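Q:
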Amino acid sequence: MICARGVAKVYENGNQALQDINLKITAGELVYVLGASGAGKTTLLKLLLGMEKPTAGGLEVAGISLVKPQAKDIRHLRRLTGAVFQDFKLIPGRTALENVALSLRVLGVPWSENRQKSMAALAEVGLTDKAGNLVQTLSWGERQRVALARAVVREPRLLLADEPTGNLDAASVGFVADVLARAGDKGITRVVATHDSRLLERLQGRVLVLKQGCLQEVAGNGWEQTACGDKGGE
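Basically the working numbering = 1-based index in the sequence shown + 170.
#1: On the CB-based measure, 16 or more other CB atoms within 10 Å of its CB, does Gln286 come out buried or exposed?
#2: Classify Gln314 as helix, strand or coil using the three-state DSSP reduction.
#3: Taking 8 Å as the limit between beta carbons, can you name the residues of its chain near Leu297, skipping five residues before and five after?
#4: Compute the Euclidean distance between the alpha carbons of Ala232 and Leu218, then round it to the nearest angstrom.
#5: Taking only runs of the alpha helix (DSSP H) that begin and end inside the stretch 292-353, which ones reach a length of at least 4 residues, in chain order?
#6: Grab the span of the beta strand (DSSP E) containing Val379 for me, first residue to last.
#7: To the nearest angstrom, how far is it from the Cα of Gly210 to the Cα of Asp366?
#8: Roughly how many angstroms separate the alpha carbons of Gly278 and Gly336, rounded to a whole number?
#9: Quick one: grab the DSSP three-state call for Leu385.
#10: Excluding the five sequence neighbours on either side, which residues of its own chain have a C-beta within less than 7 Å of the C-beta of Leu260, listed in chain order?
#11: Find the nearest neighbour of Ile191 within the set Ile172, Ala206, Glu182, judged by alpha-carbon distance.
#12: Enumerate in chain order the residues of its own chain whose CB-to-CB distance from Phe255 is below 6 Å, with the five nearest sequence positions on each side excluded.
Quick look at the structure:
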């Protein structure tokens, strides 16, 4: 599903966000990407969605090369992917239901089917009673869950989530864990950037750690080098 070989990302200001990333993620896997603020987690997710291009190395997602992708390739990838970033990108002046339904509307799903699926997605994140509320009247955590419902409603092949539980209480973290688990039951590949141990405790997955742009994988009793940097824990 995802294959990265020696991927690096350097921004125009000279900041090296990622270096020598080597990674393979198979279809249906749940992969957590841990790391401090500024470690490169969001940059990695944006690369996987085609929002940023790698400076060096090879990167393929769902068979699509993202080194020099054509516009049609990016459009195809976006149709295969559900994504939740920390800015949510919800549409103000629209209800929670309307925001979720938009994800299916662009695919031409009839309204009766769209409404049923969108309400089911909101139920998954515990927001059935907020379906008719304008998104700007919702709490930050509720908006976060609306964005997650919008990402999963069309059952994408790939789900990318950037800190999906960052503003949530324990009960809402449970909703998110359940959504991720059900997505796995459907064979959806999930890559989740997080620093929330509550989520990892509720739903086990493969754990990667980004430190200063370098990737390591947690293996058994310690760290296993997968990209750059020294082996061993801190």
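Just so it is clear, CB atoms sit at the ideal spot from N, CA and C, and this is done for glycine as well. Note that the structure is predicted; figures quoted are calculated from it, not measured.
A: From the atom records:
#1: Within a 10 Å sphere around the beta-carbon of Gln286 sit fewer than 16 other beta-carbons, which makes this residue exposed.
#2: Gln314: helix per DSSP, three-state reduction.
#3: Excluding positions up to five away in sequence, the list reads Ala266, Glu312, Arg315, Val316, Ala319.
#4: Taking the straight line joining both Cα atoms gives about 10 Å.
#5: Runs of alpha helix (DSSP H) with 4 or more residues, each lying fully within the stretch 292-353, are found at 310-322, listed in chain order.
#6: Element bounds for Val379: 376-381.
#7: Asp366 has its alpha-carbon roughly 16 Å from the corresponding atom of Gly210.
#8: So the alpha carbons of these two residues sit roughly 33 Å apart.
#9: Three-state result, Leu385: strand.
#10: Counting only Cβ-Cβ distances below 7 Å, and skipping sequence neighbours, we find Asn269, Val305, Arg313, Val316, Ala317.
#11: Closest option to Ile191, Cα to Cα, is Ile172.
#12: The beta carbon of Phe255 is closer than 6 Å to those of Asp332 in its chain, skipping five residues each way along the sequence.
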